[in-house]
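K.L.:
Handing you this structure, nothing more for now.
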Amino acid sequence: MVIILKMTTACNGTCVYCSAYKEKPQHLSVEVARRVLGLAAEYLRADRRGHVNLILHGGEPLILSRRFYATFDKLMDEQLGALRPRLNVAMQSNLTLLTPAKAAALGPVLTRPIGTSYDLYPEVRSIRGNRSLDERWYRAMHVAREANIDTGVVYVVHRKAVRDTEKVWTFFRNHPDISSVRFNPLYAEGRGKCDEVADLIITAEQWGEFLIRGWRMYELDGFRPSFAPFSEFFAAHIRREPRRMSCAHKGRCHDTHLGIDPDGSIYNCGRWSDTQELCYGTVFDLGIEEIEQSPVRRKLGERQKVLSEGPCKDCQWWAYCHGGCPNDAYLEHGTVDAPTRWCAGTLAFFEQCLRPLGDPIGRGSRDR
Ligand code: SF4
Ligand code: SF4
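The letter at position 70 of the sequence shown is residue 69 when you use numbering that gives the first Met the number 0, and the numbering goes up by one with no holes.
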């Protein structure tokens, strides 16, 4: 189970396409945090071999104080007790507010890396205040290293990045502090729906172009960089290990993911919380069993049957895609019962880059 917990909707960033932007910021309360950790414990008690991967998300989670994270640490003990080793905790952050003191407070809480977002284009991604994103980010990366906190990068692919695919790739591949990157396509949510961002939004074909040009770089680099989704498609196609793919390609996030807002509202993941659609209820009303039985979860679960018998019926790449992310489908088509917005570009990538290396694995292959 993966729980994406929105610690706050406030942020010190000024990313022009922010999908999580809210007019009135909200912070997680101790009461909601206690209940979320209680749900994690309930899940672990019911599934003796399972794990919960908790991702502290936002907004910008490092806006919350050291004192809050010290309290969060105590709540983890209080709610999980002996189950705590089965709770993995990661964070998604722009990192710029990481100080040595905050890193010390986070040390006992985090068991997994901080995924940090970064961009080469300051006009796209920046932070408030007098210091530049670069200055604050490099200093924070140093703090993370000193505190033995691992980091990975999440990169949002916009139109400039598609144009400069090779430059973006080379920047990350040669960066001494970065060992893993996840490239995600920019989509129109939150501030990303504004007219000013229209020039950055990419089409399915442009996402395909990025994947194809990125794959050429990946080939030149001997398939070595830990750059997703390239490394995931390599594992699926060459090693026949599709289980390593992300939620967007596995087709089962209705079973594996939850997103929780600072006020305790439950969604299928952080993206649905940004969209504010398909709310399950709140952490104060629902237990794990009710969440699993929720009509929202059932509706999302039916999507696989609808797509595999309908629009994706003849797709040879089903095992690598499963129709893609339901939120992408919803933002594009107003329904989850449609293929992802990225279908055409992803198909072009599959055919041009993966097909020459072998036929796709069969529809039923579920190396999970
Ligand atoms: S809705 Fe999309 S982003 Fe959210 S868990 Fe499902 S596949 Fe992942
Ligand atoms: S590539 Fe397109 S047709 Fe094939 S499974 Fe994905 S969404 Fe469906």
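Just so you know, even glycine gets a beta-carbon here, dropped at the ideal spot from N, CA and C.
What is the DSSP secondary structure of residue 366, counted as helix, strand or coil?
P.N.:
In this prediction, residue 366 scores a pLDDT of 45, lower than 50, which makes its location untrustworthy; no coordinate-derived value is stated.
K.L.:
Here's a check: name, in chain order, each residue in its chain whose Cβ is nearer than 8 angstroms to the Cβ of residue 305, leaving out the five neighbours to either side.
P.N.:
Correct list, in chain order: 336.
K.L.:
May I ask you to report which of helix, strand or coil DSSP gives residue 428?
P.N.:
Missing from the structure shown is residue 428; the chain here goes from 0 to 367 and no further.
K.L.:
For residue 5, count neighbouring C-beta atoms within 10 Å of its own C-beta (all shown protein chains included) and say buried if the count is 16 or more, exposed if not.
P.N.:
Residue 5 is buried by the Cβ-count criterion.
K.L.:
Where do the ends of the alpha helix (DSSP H) carrying residue 279 lie?
P.N.:
From DSSP, residue 279 is part of no alpha helix (DSSP H); its letter is neither H nor E.
K.L.:
Could you tell me which of 203, 233, 2 sits nearest to residue 215, measuring between CA atoms?
P.N.:
Residue 233 is the option with its Cα nearest to residue 215.
K.L.:
Within this structure, are the beta carbons of residue 146 and residue 94 separated by less than 8 angstroms?
P.N.:
No, Cβ-Cβ distance for residue 146 and residue 94 is not below 8 angstroms.
K.L.:
Mapping the DSSP letters down to three states, classify residue 174 as helix, strand or coil.
P.N.:
Residue state, collapsed to three classes: coil.
K.L.:
Count Cβ pairs between the region 59-75 and the region 105-115 that sit closer than 8 angstroms; are there 3 or more?
P.N.:
Enough Cβ pairs lie closer than 8 angstroms, so yes.
K.L.:
Could you give the distance in angstroms between the alpha-carbon of residue 299 and the alpha-carbon of residue 129?
P.N.:
Spanning the two alpha carbons is a distance of roughly 45 angstroms.
K.L.:
Under three-state DSSP, which class holds residue 140?
P.N.:
Of the three classes helix, strand and coil, the one that applies to residue 140 here is helix, per DSSP.
K.L.:
Answer with buried or exposed for residue 17, where buried requires no fewer than 16 other C-beta atoms within 10 angstroms of its C-beta.
P.N.:
By the 10 Å Cβ count, residue 17 comes out buried.
K.L.:
Looking only at DSSP bridge pairs, what is residue 7 linked to?
P.N.:
Answer by DSSP bridge pairing, in chain order: 26.
K.L.:
Within the continuous alpha helix (DSSP H) that includes residue 217, where are the two ends?
P.N.:
Taken as a continuous stretch (DSSP letters only), the alpha helix (DSSP H) holding residue 217 covers 203-219.
K.L.:
Rounded to a whole number of angstroms, what is the C-alpha to C-alpha distance between residue 59 and residue 40?
P.N.:
The alpha-carbon atoms of residue 59 and residue 40 are separated by roughly 25 angstroms.
K.L.:
Give me the Cβ distance between residue 344 and residue 185, rounded to the nearest whole Å; I'm assuming they're in contact under 8 angstroms.
P.N.:
With 8 angstroms as the limit, residue 344 and residue 185 do not qualify as a contact, their Cβ atoms being about 13 angstroms apart.
K.L.:
My assumption, with CB atoms under 8 angstroms, is that residue 87 sits in contact with residue 111. Please give the rounded CB distance.
P.N.:
With 8 angstroms as the limit, residue 87 and residue 111 qualify as a contact, their Cβ atoms being about 5 angstroms apart.
K.L.:
Name the DSSP bridge partner or partners of residue 90?
P.N.:
DSSP output for residue 90 lists 55, 113 as bridge partner(s).
K.L.:
Beta-carbon distances below 7 angstroms to any heavy atom of ligand 2 define the shell here; list its residues in chain order, please.
P.N.:
Residues with a Cβ closer than 7 angstroms to any heavy atom of ligand 2, in chain order: 306, 310, 311, 314, 316, 317, 320, 321, 322, 323, 338, 339, 342, 345, 346, 349.
K.L.:
Have a look at residue 257 and residue 293 and give me their C-alpha separation to the nearest angstrom.
P.N.:
C-alpha separation (whole angstroms): 12 angstroms.
K.L.:
Where are the beta strand (DSSP E) runs, 3 residues long or more, that stay fully inside the region 218-292, in chain order?
P.N.:
Complete beta strand (DSSP E) runs here, min 3: 225-227, 256-259, 264-266.
K.L.:
May I ask you to check if the CB of residue 246 is nearer than 7 angstroms to at least one heavy atom of ligand 4?
P.N.:
Although ligand 4 was asked about, the structure shown includes only ligand 1 and ligand 2 as ligands.
K.L.:
Write down every uninterrupted run of the alpha helix (DSSP H) in the region 306-336 whose length is 4 residues or greater and which is fully enclosed by it, in chain order.
P.N.:
Entirely contained in the region 306-336, the alpha helix (DSSP H) runs reaching 4 residues are, in chain order, 317-320, 325-332.
K.L.:
Which whole-angstrom value describes the C-beta separation of residue 11 and residue 96, a residue pair presumed to lie in contact below a C-beta threshold of 8 angstroms?
P.N.:
Confirmed, Cβ separation roughly 6 angstroms.
K.L.:
Counting along the chain, where does the alpha helix (DSSP H) carrying residue 161 start and finish?
P.N.:
Residues 158-162.
K.L.:
Should residue 56 be counted as a contact of ligand 1 given a C-beta to heavy atom distance under 7 angstroms?
P.N.:
No.
K.L.:
Can you find the residues in the same chain that come closer than 6 angstroms, C-beta to C-beta, to residue 192, ignoring five residues on each side of it along the sequence?
P.N.:
None.
K.L.:
Would you mind sorting residue 150 into buried or exposed? The rule is 16 or more other CB atoms within 10 Å of its CB.
P.N.:
Buried.
K.L.:
If we ignore side chains and look at the alpha-carbon of each, how far apart do residue 437 and residue 355 end up?
P.N.:
This structure leaves residue 437 out entirely; the chain is present only between 0 and 367.
K.L.:
Could you compute how far the alpha carbon of residue 309 sits from the alpha carbon of residue 330?
P.N.:
When rounded, the distance between both Cα atoms is 19 angstroms.
K.L.:
Quick check on this structure: which residue in 162, 166, 223 has the alpha carbon closest to the alpha carbon of residue 200?
P.N.:
Comparing Cα positions, the closest option is 162.
K.L.:
In whole angstroms, what is the alpha-carbon distance linking residue 56 and residue 275?
P.N.:
If you take the alpha carbons of residue 56 and residue 275, they lie about 16 angstroms apart.
K.L.:
For ligand 1, is there any heavy atom lying closer than 7 angstroms to the beta carbon of residue 181?
P.N.:
Not so, every heavy atom of ligand 1 lies at least 7 angstroms from the Cβ.
K.L.:
Please identify the residue among 121, 143, 351, 239 whose C-alpha is closest to the C-alpha of residue 90.
P.N.:
Comparing Cα-Cα distances from residue 90 to each of 121, 143, 351, 239, the minimum goes to 143.
K.L.:
Which of the three DSSP states, helix, strand or coil, is assigned to residue 344?
P.N.:
Residue state, collapsed to three classes: helix.
K.L.:
Would you mind reading off the limits of the beta strand (DSSP E) that contains residue 181?
P.N.:
Looking at the DSSP string, the run of the beta strand (DSSP E) that includes residue 181 is 179-184.
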